Amino acid sequence: MSPKSLVNIGDYNREDILRILQAASRFKENPNRDLLQGRVCATLFFEPSTRTRLSFETAVNRLRGRIIGFSDAATSSSTKGESLKDTIMMVSNYADLIIMRHHLEGSARYASEISPVPMINAGDGSNQHPTQTLLDLFTIFETQETLENLSITVVGDLKYGRAVHSLIQGLSHFNPSFHFVAPEELAIPEKYKAFCDKNGIAFREYTEFSPEAINGSDILYMTRVQKERFTDLMEYEKVKNVYVLHNEMLSDSKKNLRVLHPLPRVKEISQDVDDNPKAYYFQQAKNGMFVRQAVICDLLGIDIQQTI
Ligand code: CP
């Protein structure tokens, strides 16, 4: 039987999510623990990353585990034609857990079915980014003191944004209502609207980034237009700066509103927002380390409650 992996946020039910968030809050109190002594984790990044890779690697280092891997596939034997299957089989000879980012949708599921050791999907194309969702949920709880019944406005590239796709699924356990703000070219895909309908989740779509979409919200989740997913760069040029959040646009927003972004940002959040207390994206990124410590321990069967 394959070991349990985290490929899709749908792999975790409501109890799993709450268990991870509770463990992450323990790691936030103290991230330096002797829990991964003698364990090796591999980070295989076939696509660029700053936060995800470095927060995973810091998570392991702070738990006294060891890290192997690559941050650029050009330095791996995939450039010589080695298949993903063979790469996973080789790395599982060396590591107790594999963390992989890959440009192909479905690659993480495929790798998890091959791998004899647990796999964590650190992003597969425009499909899923489940640990981003767990850190988003952790941050939402931290700022709102609940995950239930929140109004979430999601802005930007809802077609290719894997963080958005995972977030919709992850929040589905907590009765959210969504406002989806995107140009027609980057609208939320039908399958996520069908998912909302099936799960009784209210949503509205907008093409204008209007006060109406901001002022009633608890969370304003900004996203970058995903240049790397466009096959026609002229199409990217048309939509790249379609929405920009400026500080004055938050003046009538709810007191509890927090602005989140999975990062990196390009121009969609003006730097004049950064000093607004409602801007919370840098704290959000920091939370990634604690959440990833919790996920790694969970998949390796380390009982955090007993050891912390
Ligand atoms: N949020 C996120 O995945 O950032 P990186 O691409 O820098 O890892």
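Each residue of the sequence shown is one higher than the last, beginning at 240 in our numbering.
All C-beta atoms in this analysis are idealised placements derived from N, C-alpha and C, irrespective of residue type, glycine included.
Only a predicted model underlies this, so the values are computations on that prediction, with no experimental measurement involved.
- Per DSSP, the continuous alpha helix (DSSP H) segment holding His404 begins and ends at Arg401 to Leu410.
- Leaving aside the five residues that flank Thr378 on each side, the residues in its chain whose CB is nearer than 6 angstroms to its CB run, in chain order, Gln523 and Asn526.
- Judged by DSSP in its simplified three-state form, Asp511 adopts helix.
- With a threshold of 7 angstroms, the Cβ atom of Arg463 does not count as near the ligand CP, since no heavy atom of the ligand is closer than that.
- The way I'd put it, the region 388 to 395 does touch the region 446 to 459; three or more beta-carbon pairs between them come closer than 8 angstroms.
- Shown here, Gln367 sits in a strand according to DSSP, grouped into three states.
- Residue state for Ser390 is assigned as strand, using DSSP reduced to three classes.
- Secondary structure of Ala334 (DSSP, three-state): coil.
- A straight line joining the alpha-carbon of Val478 with that of Ala312 spans about 29 angstroms.
- In this structure, the ligand CP has no non-hydrogen atom nearer than 7 angstroms to the beta-carbon of Leu336.
- Judged by the Cβ position, Leu502 qualifies as a neighbour of the ligand CP at the 7 angstroms threshold, a heavy atom of the ligand being closer than this.
- Bridge pairing for Ile307: Ala281 [DSSP].
- Exposed is the label assigned to Gln276, since fewer than 16 other Cβ atoms lie within 10 Å of its Cβ.
- The beta carbons of Ile543 and Arg265 sit about 6 angstroms from each other, so the pair counts as a contact at 8 angstroms.
- In the structure shown, the three-state DSSP call for Tyr460 is strand.
- In the three-state scheme derived from DSSP, where H, G and I count as helix and E and B as strand, Glu444 is classed as strand.
- In the structure shown, the three-state DSSP call for Ala426 is coil.
- Taking a cut-off of 8 angstroms on C-beta distances, the region 528 to 541 does not touch the region 485 to 499, as fewer than three cross pairs fall below it.
- Here His368 is buried. Its C-beta has 16 or more other C-beta atoms within 10 Å.
- Within the DSSP secondary-structure output, Leu245 pairs in a beta bridge with Ile359.
- Sequence-distant partners of Asn438 (beyond 5 residues in either direction) whose C-beta falls short of 6 angstroms from its own C-beta, in its chain, are Ser411.
- Distances taken from the Cβ of Thr282 to the heavy atoms of the ligand CP include none shorter than 7 angstroms.
- A Cβ-Cβ separation of about 5 angstroms places Ile508 in contact with Met461 under the 8 angstroms criterion.
- In the three-state DSSP reduction, Phe295 falls in the helix class (H, G or I).
- Contact between Arg531 and Ala298 holds, since their C-beta atoms are separated by about 4 angstroms, short of 8 angstroms.
- When C-alpha distances from Leu373 are compared across Asp511, Val512, Phe434 and Val246, the shortest belongs to Val246.
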